[in-house]
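Peer 1: Numbering (our numbering), first residue to last: 4 to 215. Here a beta-carbon is modelled for each residue, glycine too, at the ideal position from N, C-alpha and C.
(1) Which residues share a DSSP beta bridge with residue 217?
(2) Rounded to the nearest angstrom, what separates residue 179 and residue 104 at their Cα positions?
(3) Between which two residues does the alpha helix (DSSP H) containing residue 33 stretch?
(4) How many Å lie between residue 159 and residue 153 at the Cα?
(5) On the premise that residue 70 lies in contact with residue 46, defined as a C-beta separation below 8 Å, what is that separation, rounded to the nearest angstrom?
(6) If you reduce the DSSP assignment to three classes, tell me which class residue 7 lands in.
(7) Can you check DSSP and say which residues form a bridge with residue 55?
(8) Could you name each continuous beta strand (DSSP E) segment of 3 residues or more that falls completely within the segment 76 to 156, going from the start of the chain to the end?
(9) Which one of 88, 163, 175, 12 has the shortest CA to CA distance from residue 132?
(10) How about residue 100 and residue 144: do their beta carbons lie closer than 8 Å?
(11) Reducing DSSP to helix, strand and coil, say where residue 204 ends up.
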């Protein structure tokens with residue numbers, strides 16, 4: 004059954020997203036500027052890359068992030084695997100979650116929320132079970148229940164279970180809990196990489212996964 008928004012979601016959550024993302028962009032503007040300069044020096048242009056992701060009701064939007072990978076290609080012109088293109092500088096950006104800062108703009112413009120299921124790749128949409136599709140009943144988030152419960156170290160099944168749990172239990176207190184837990188995870192640099200992989204393994208339906 005499709006999720007029905009409560010009072011908090013309808014009248015408070017969006018207002019908080021606008022206010023908090025706006026304040027964060029102002030306060031963190033020096034950090035974002037320095038990060039942008041470092042990305043330009045270390046990885047070149049573009050500094051920020053856009054990628055299509057499914058949002059609320061699986062409507063596609065363009066999400067913004069700082070680059071963390073090079074554009075190195077093989078002799079056939081194909082991009083090298085993530086492990087080859089992710090530099091030490093890029094790993095540092097990810098460990099500090101600095102690559103996520105441009106998403107504050109996506110929150111401010113209403114495509115994302117501060118807290119919600121992370122927006123994944125569009126190619127995963129046909130692979131979800133009926134229950135997993137419900138992760139798109141609400142706006143995707145900068146952080147979420149799955150991110151403070153293992154981040155990239157959990158299995159896809161566990162991550163989706165966390166996402167659905169959040170959808171079914173959205174509340175102001177839960178959002179506050181997730182935000183504070185996120186700050187702790189960022190400073191502790193917990194759960195950045197899946198074991199043996201620079202990034203989370205690609206989802207290919209329950210029971211199978213390949214590296215992106």
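Peer 2: Concretely, from the data shown:
(1) Outside the modelled stretch of the chain, which goes from 4 to 215, sits residue 217, for which no answer is possible.
(2) Looking up residue 179 in the chain shown gives position 176. Looking up residue 104 in the chain shown gives position 101. Going from the Cα of residue 179 to the Cα of residue 104 covers about 19 Å.
(3) Sequence index remark: in the chain shown, residue 33 carries index 30 (1-based). Where residue 33 is concerned, the enclosing alpha helix (DSSP H) stretches over 32 to 46.
(4) Along the chain shown, one-based indexing puts residue 159 at 156. Along the chain shown, one-based indexing puts residue 153 at 150. Their backbone Cα atoms lie some 11 Å apart in a straight line.
(5) Looking up residue 46 in the chain shown gives position 43. Looking up residue 70 in the chain shown gives position 67. With a Cβ gap of about 5 Å, residue 46 and residue 70 count as contacting.
(6) In the chain shown, residue 7 corresponds to position 4, counting from 1. Of the three classes helix, strand and coil, the one that applies to residue 7 here is coil, per DSSP.
(7) For this step, residue 55 is matched to residue 52 along the chain shown. Its beta-bridge partners are 65.
(8) 116 to 118, 144 to 146
(9) Mapped onto the chain shown, residue 132 falls at position 129. Measuring from the Cα of residue 132, the nearest candidate turns out to be 163.
(10) Along the chain shown, read from residue 1 onward, the residue named residue 100 stands at position 97. Along the chain shown, read from residue 1 onward, the residue named residue 144 stands at position 141. No, Cβ-Cβ distance for residue 100 and residue 144 is not below 8 Å.
(11) Walking along the chain shown from the start, residue 204 turns up at place 201. DSSP places residue 204 in strand when its eight states are reduced to three.
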